Amino acid sequence: MPHARHPESTIVHIGAGQDPAYGAVSAPIYQTVTYQHPGSGLGPFDYTRTVNPTRSGLARGLADLEAAAGASLFSSGMAAITALCHLLDKESHVVLTEDVYGGTYRLLVDVFQRFGLSFSFVDTRHPDRVVKAFRPNTRLLFVETPSNPLLQITDLVAMREIAHQHDAWLAVDNTFMTPLRQRPLDLGADFSIYSATKYLAGHNDVLAGAIVASSSELAARVDELANATGGVLAPFDAWLVMRGIKTLAARLDRQEKTARQLATFLAQRRDVVRVYYPGLEASGGRDAHARQASGPGAMLSFQLQSAGHVPRLMDALQVILPAVSLGGVESLITHPFTETHREFPEHERYRLGIVPGLLRLSVGLEHPGDLQDDLAQALDRLGR
Ligand SMILES: Cc1ncc(COP(=O)(O)O)c(C=O)c1O
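Pasting the structure below:
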């Protein structure tokens with residue numbers, strides 16, 4: 129019996145065979161809003177908000193990567209998380225990882241709270257705390273693992289058990305890992321969520337989001353919501369993600385290797401108080417991560433001795449760009465305290481460890497030696 133294809137092969141062929149007219153190897157961009165009907169009847173395509181062949185090709189590819197029932201694509205990661213929340217009935221309660229992406233926190237606190245959703249942010253590394261946070265109306269457990277920016281690890285099998293015992297869905301924001309490193313649906317999650325803006329597209333040039341669903345019933349509900357609320361991915365943007373995702377395996381292998389090197393280098397520096405990276409020997413949750421993921425990824429955070437060092441380091445860097453976002457070919461450094469996580473109340477940021485001296489590094493595709501030299505020269509200046 130021929131063995132199943134490896135995901136590296138599936139990913140390269142996403143969108144293939146989509147051009148019956150000319151056999152183009154690169155999938156066509158169906159840049160149309162509407163479709164001519166065959167005479168008076170309705171055809172399989174009607175209106176691009178509902179369905180578009182370029183977007184569908186990418187959705188099928190993403191679903192295949194997780195052996196999922198279906199995937200829906202949105203105009204951004206936040207539009208995908210919005211659609212997930214729209215699945216919930218009013219008065220539902222949501223339990224979330226406490227150091228989720230700041231935008232997810234803002235969406236719940238500033239928007240969905242006004243529509244009757246309530247939520248609890250919990251340290252999901254501790255299943256007993258998750259159980260305690262559940263209420264009779266809890267319908268969704270939303271987890272990031274590794275989390276953003278502290279790379280904390282949550283045991284997904286334990287989360288699935290808790291969620292399903294309480295008749296709630298488990299959704300995993302898998303942006304940092306991608307389906308090539310972690311497949312949440314295999315571990316029993318109901319949804320994998322992606323900011324496809326990041327590793328999937330990979331080039332810091334397009335905003336996109338995805339929900340990958342475990343059952344066809346859930347996939348159909350998400351598709352209906354996408355059509356009803358309208359935050360769908362445009363055909364050209366779907367094509368950009370399709371083009372970017374083909375090199376994901378090669379990018380991630382290289383970025384992860386460099387991240388390991390940089391994390392080890394930073395951990396040996398006296399001017400660095402702490403390094404957060406699931407690939408480091410001493411990292412908390414390393415074993416749990418190894419059970420559920422096939423690699424540590426290419427995101428790391430580190431804490432400098434003093435907050436005053438942060439602007440000096442950022443100013444001194446010459447290869448690594450100070451910018452938000454992550455997962456692209458360019459290495460980017462971010463200050464979570466004032467950027468990605470500024471939505472959290474200040475005392476919460478301190479309690480979580482998102483302190484003013486913390487920096488998050490998204491390791492790109494530059495030569496590893498250049499990146500290490502850049503960090504070294506910038507850190508050396510702090511002592512002067
Ligand atoms: C983990 C995570 N989830 C979701 C998002 C939101 O995605 P987008 O910026 O595509 O809306 C981000 C953005 O940084 C993120 O880091």
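Counted the way the working numbering counts, the sequence shown spans residues 129 to 512. Even glycine gets a Cβ: it sits at the ideal position worked out from N, Cα and C. Quick caveat, the model's predicted, so the values are computed rather than measured.
With a cutoff of 7 Å, F240 does not count as near ligand 1, since its C-beta is closer than that to no heavy atom of the ligand. At least one heavy atom of ligand 1 is found less than 7 Å from the C-beta of E272. With contacts defined by Cβ atoms closer than 8 Å, D301 and E272 form a contacting pair. Less than 8 Å separates the beta-carbon of A341 from that of G198. Its Cα nearest to that of Y322, the residue L212 stands out among G481, V179, L212, P135.
Cβ contact annotation for T176 (same chain, cutoff 6 Å, sequence separation greater than five): V161, in chain order. L284: member of the alpha helix (DSSP H) spanning 284 to 293, first to last residue. Under the three-state reduction of DSSP output, F262 falls in the coil class, being neither helix nor strand. In its chain, beyond the 5 residues on either side, F173 have a beta carbon closer than 7 Å to the beta carbon of V179. Under the three-pair Cβ rule at 8 Å, the stretch 439 to 459 counts as touching the stretch 311 to 331. Not one heavy atom of ligand 1 sits closer than 7 Å to the Cβ of Y404. For S320, the CB stays at least 7 Å from every heavy atom of ligand 1. Here H221 carries a strand assignment [DSSP, helix/strand/coil]. Comparing alpha-carbon positions, the option among R234, P264, H463, R349 lying closest to D295 turns out to be P264.
Positions of the alpha helix (DSSP H) runs, each at least 4 residues long and wholly inside the stretch 439 to 491, are given as 474 to 480 in order along the chain.
Annotation for Q431: the continuous beta strand (DSSP E) segment containing it runs 427 to 432.
For F472, the shortest separation between its Cβ and any heavy atom of ligand 1 does not lie below 7 Å. Residue environment analysis places E226 among the buried positions, since at least 16 neighbouring C-beta atoms fall within 10 angstroms of its C-beta. Remark: fewer than three beta-carbon pairs, one from each stretch, lie closer than 8 Å, so the stretch 239 to 255 and the stretch 312 to 319 are not flagged as touching.
DSSP lists L268 as the bridge partner or partners of W297.
Between the alpha carbons of A152 and T303 lies a distance of about 30 Å. Between A338 and S200, the C-beta spacing is below 8 Å.
As computed with DSSP, I339 is found in a beta bridge with S200, I321. R402 and F430 have their C-alpha atoms spaced approximately 6 Å apart. If you ignore the 5 residues before and after N355, its C-beta comes within less than 8 Å of the C-beta of R177, T178, all in its own chain and listed in chain order.
Shown here for G330: same chain residues with a beta carbon closer than 8 Å to its own, the five before and five after excluded, namely G372, I373, T375, L376, R379, G455, G456, V457 in chain order. For Y404, the enclosing beta strand (DSSP E) has its first and last residue at 400 to 404. For V237, there is no enclosing beta strand (DSSP E), as DSSP marks it with neither H nor E.
When the beta-carbon positions are compared, V258 and I209 stay at least 8 Å from each other. Annotation for L353: A211, H214 place their beta carbon closer than 6 Å to its own, counting only its chain and skipping 5 residues before and after. In the DSSP assignment, F247 forms a beta bridge with V222. Per the coordinates, the alpha-carbon of A132 lies some 29 Å from the alpha-carbon of R349.
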